[in-house]
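Worksheet: the structure to be examined is printed underneath.
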Amino acid sequence: MPRLHYATIVALLSALATSTPAPASESEKERDIRVLLEMTGTLDVGQQMADTFMRQMLESLREARPDIPAATYDALREEVRSTIAENLDGFVEMIVPVYSRHFSAREIKGLLAFYRTELGQKAIRVMPDLVRESMAIGELWGRNLAPEIRRRVMERLQEQGYDLSA
0 MPRLHYATIV ALLSALATST PAPASESEKE RDIRVLLEMT GTLDVGQQMA
50 DTFMRQMLES LREARPDIPA ATYDALREEV RSTIAENLDG FVEMIVPVYS
100 RHFSAREIKG LLAFYRTELG QKAIRVMPDL VRESMAIGEL WGRNLAPEIR
150 RRVMERLQEQ GYDLSA
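The numbering of the sequence shown is numbering that gives the first Met the number 0, which starts it at 0 and goes up by one.
Here it is as structure tokens:
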């Protein structure tokens with residue numbers, strides 16, 4: 000009887016081992032995602048977005064407090080950059096599961112293969128410029144559209160019986 004019991008346990012463990020995905024493959028997928036993030040400069044694009052946010056924040060602060068000297072703004076800029084750099088690993092930890100949800104391990108490997116091609120390398124090279132230029136265009140577009148949006152919102156509120164002219 001003990002021999003049968005041992006054989007049953009071995010059979011169950013074997014079945015579990017073949018039916019459950021190996022954690023190593025998930026770690027491999029996560030490692031591949033990290034390589035992809037590094038290879039594509041995704042983290043650099045994140046830094047660009049942070050720089051844009053920082054610029055806007057400092058411009059608002061400068062308008063509110065014109066008495067603050069430029070050297071202080073330089074120090075603030077450096078403080079924001081170093082804070083982002085110190086916390087980048089935490090950002091990566093949050094991004095990896097997002098990629099993992101949207102791409103299979105096979106698809107991640109396909110993306111890695113693409114980005115190793117000449118076209119993939121070009122896409123990596125031009126992506127920061129595309130993002131920067133697109134963000135600038137989006138910012139300008141939003142500023143130009145703001146008066147029309149404001150007008151329509153005010154009009155709609157007036158139609159609903161709200162008078163905001165005061």
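Here a beta-carbon is modelled for each residue, glycine too, at the ideal position from N, C-alpha and C.
### Query
Measuring CB to CB, does Leu35 end up less than 8 Å from Ile123?
no
### Query
Within the chosen definition, does the region 60-74 reach the region 107-122 through at least 3 CB pairs nearer than 8 Å?
no
### Query
Beta-carbon separation of Leu42 and Leu57 under 8 Å?
no
### Task
Please go through the same chain and pick out, in chain order, the residues whose beta-carbon is closer than 6 Å to the beta-carbon of Ala49, but skip the five residues on each side of it.
Ile83
### Task
Report yes if the C-beta distance between Met134 and Thr39 is below 8 Å; otherwise report no.
no
### Query
Assuming Val125 and Glu29 make a contact with CB atoms under 8 Å, what is their CB distance in whole Å?
That pair is no contact at about 27 Å.
### Message
Suppose contacts are defined by Cβ-Cβ distances below 8 Å. Is Ile32 in contact with Tyr98 by that definition?
### Response
yes
### Query
At which residues does the alpha helix (DSSP H) containing Pro99 begin and terminate?
Checking the sequence shown, residue 99 turns out to be Ser, not Pro. It spans 69-101 - the alpha helix (DSSP H) in which Ser99 sits, taken as one unbroken run.
### Task
Flag this pair as yes or no: are the beta carbons of Val79 and Met53 separated by less than 8 Å?
yes
### Task
Would you check if the distance between the CB atom of Pro127 and the CB atom of Gln55 is smaller than 8 Å?
no
### Query
Do you know how far the Cα of Tyr72 is from the Cα of Ser59?
12 Å
### Task
Enumerate in chain order the residues of its own chain whose CB-to-CB distance from Ala104 is below 6 Å, with the five nearest sequence positions on each side excluded.
Lys28
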